[in-house]
């Protein structure tokens, strides 16, 4: 199991994004692998990073929550939960560790089904080989696709609660002062009609020198320095819910 101390050594999203800029064609090759093994509906590419520090015997676990007055899509949180309840969790995000892929973030049973990577040994082996060959073992990992991944979600950190909140982008005002880092990509199995980059998709696909398969952005990390009034109300509701849950 990926221990808390190991999780704490992962880069923050800002540092992970800087590292990702140094990688050449590896993301495209990872897109191809997922498509070639017919796993586009089950697996995606992940820019791995930590969200907060864990304490001993804790795991970072995604949960789906219900928040009063929030009716526009799912609200998902990532927070530290006891590792003693690991049988109630399913591996969500995986990275290369030792000689295999290990889960470093998990989902609770109420979020969705996981993927048993042991059923896909050829794919897993090829994925690892591609990561190693592209010097990307400390940058990219694998994500299993849950129901909420099919909606474009943005991540927001609540540091004092060691919690990350993910909400639909439709809840955000277009006037919000927001910077965005792409973190998750679901591969579209159709070949791009025009040259397309498989990694950055915030404003559509960027041109590259060769054809590749399209990737659909399914998650971003947002840093918001200014909220509209309706957004402040929304996030205060979410923070109150998370705080009340943490006290139980």
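Residue numbers (full-length UniProt numbering): 1 to 248. Think of the CB as a built atom: it goes at the ideal place given N, C-alpha and C, for glycine as much as any other residue.
Q. Roughly how many angstroms separate the alpha carbons of residue 157 and residue 12, rounded to a whole number?
A. For the purposes of this step, residue 157 is taken as the residue at position 157 of the chain shown. For the purposes of this step, residue 12 is taken as the residue at position 12 of the chain shown. The alpha-carbon atoms of residue 157 and residue 12 are separated by roughly 12 Å.
Q | Candidates 124, 123, 103 and 140: closest to residue 114 by CA position | A | To locate residue 114, count along the chain shown from 1; it is residue 114. The candidate whose alpha carbon is nearest that of residue 114 is 103.
Q | Of the residues 44, 30, 168 and 147, the one placed nearest residue 135, counting alpha carbons only | A | Residue mapping note: residue 135 aligns to position 135 of the chain shown, counting from 1. Nearest C-alpha to residue 135: 30.
Q. CB residue 10 to CB residue 142, shorter than 8 Å?
A. Counting from one through the chain shown, the residue named residue 10 turns up at place 10. Counting from one through the chain shown, the residue named residue 142 turns up at place 142. No; because the gap between Cβ atoms is not below 8 Å, this pair is not in contact.
Q) For residue 56, which of 50, 96, 116 and 8 has the nearest alpha-carbon? A) Residue 56 sits at position 56 when you count from the first residue of the chain shown. For the set 50, 96, 116 and 8, the Cα lying nearest the Cα of residue 56 is the one of 8.
Q | Top-ranked residue by Cα proximity to residue 180, from 187, 153 and 98 | A | Reading the chain shown from its first residue, position 180 is the one you call residue 180. Its Cα nearest to that of residue 180, the residue 153 stands out among 187, 153 and 98.
Q) Going by other Cβ atoms of all chains shown within 10 Å of its Cβ, with 16 needed for buried, is residue 36 buried or exposed? A) Counting from 1 along the chain shown, the entry for residue 36 is found at position 36. Residue 36 comes out exposed.
Q) Which class does residue 108 belong to by DSSP, given the choice of helix, strand or coil? A) What you label residue 108 is simply residue 108 of the chain shown in a count that begins at 1. In the structure shown, residue 108 adopts extended strand secondary structure according to DSSP, grouped into three states.
(Q) Nearest by alpha-carbon distance to residue 45: which of 38, 148 and 140 is it? (A) Position 45 of the chain shown holds residue 45. For residue 45, the closest alpha carbon among the candidates 38, 148 and 140 is that of 140.
Q.
Am I right that residue 108 and residue 88 are in contact with their C-beta atoms under 8 Å? What's the rounded C-beta distance?
A. Here the question's residue 108 lines up with position 108 in the chain shown. Here the question's residue 88 lines up with position 88 in the chain shown. Contact flag correct, Cβ pair sits at about 7 Å.
Q: Put residue 77 into one of helix, strand or coil per three-state DSSP.
A: Counted from its first residue, the chain shown places residue 77 at position 77. Collapsing the DSSP output to three states places residue 77 in a strand.
Q) Applying the criterion that 16 or more other CB atoms from any shown protein chain within 10 Å of the CB defines a buried residue, is residue 21 buried or exposed? A) To locate residue 21, count along the chain shown from 1; it is residue 21. That one is exposed.
Q.
Just to confirm the assignment: which complete beta strand (DSSP E) runs, minimum length 3, are found wholly within the region 80-140?
A. Uninterrupted beta strand (DSSP E) stretches at least 3 residues long and entirely within the region 80-140 occur at 89-97 and 100-108, given in chain order.
(Q) Let me check one thing: in DSSP terms, what residues is residue 66 bridge-paired to? (A) Here residue 66 corresponds to residue number 66 of the chain shown, with the count starting at 1. Bridge partners of residue 66 according to DSSP: none are assigned.
Q: Look at the Cβ atom of residue 40, then the Cβ atom of residue 167, and state whether they are nearer than 8 Å.
A: Position 40 of the chain shown, counting from 1, holds the residue named residue 40. Position 167 of the chain shown, counting from 1, holds the residue named residue 167. At a Cβ-Cβ threshold of 8 Å, residue 40 and residue 167 do not count as neighbours.
Q: Run the CB neighbour count on residue 2, radius 10 Å, all protein chains shown included, and call it buried at 16 or more, exposed below.
A: The count along the chain shown starts at 1 and reaches residue 2 at position 2. When all chains shown are included, residue 2 counts as buried.
Q. Got a sec: does the ligand SAM put a non-hydrogen atom nearer than 7 Å to the Cβ of residue 51?
A. You won't find the ligand SAM in this model; it holds no ligand whatsoever.
Q. Mind checking whether residue 96 and residue 65 have CB atoms under 8 Å apart?
A. Here residue 96 corresponds to residue number 96 of the chain shown, with the count starting at 1. Here residue 65 corresponds to residue number 65 of the chain shown, with the count starting at 1. No, these two residues do not count as a Cβ contact at 8 Å.
Q. Looking at the structure shown, is residue 226 part of a helix, part of a strand, or coil, going by DSSP?
A. Working through the chain shown from its first residue, we reach residue 226 at position 226. Its pLDDT being 44, under 50, residue 226 is placed unreliably in this model, and the value from its coordinates should be taken loosely. Strand at residue 226.
Q) Hey, out of 26, 34 and 144, whose CA is closest to residue 93's CA? A) Working through the chain shown from its first residue, we reach residue 93 at position 93. For the residues 26, 34 and 144, the minimum Cα distance to residue 93 belongs to 144.
Q: In angstroms with no decimal places, state the Cα-to-Cα distance between residue 34 and residue 116.
A: The sequence position of residue 34 within the chain shown is 34, counting from 1. The sequence position of residue 116 within the chain shown is 116, counting from 1. One alpha carbon belongs to residue 34, the other to residue 116, and they sit about 15 Å apart.
Q. Among the residues of its own chain, which have a CB less than 7 Å from the CB of residue 132, if the five just before and after it don't count?
A. In the chain shown, residue 132 corresponds to position 132, counting from 1. Apart from sequence neighbours up to five positions away, no residue of its chain approaches residue 132 with a beta-carbon distance below 7 Å.
Q) Is the beta carbon of residue 76 less than 8 Å from the beta carbon of residue 120? A) Your numbering for residue 76 matches position 76 in the chain shown. Your numbering for residue 120 matches position 120 in the chain shown. Contact flag unset, no.
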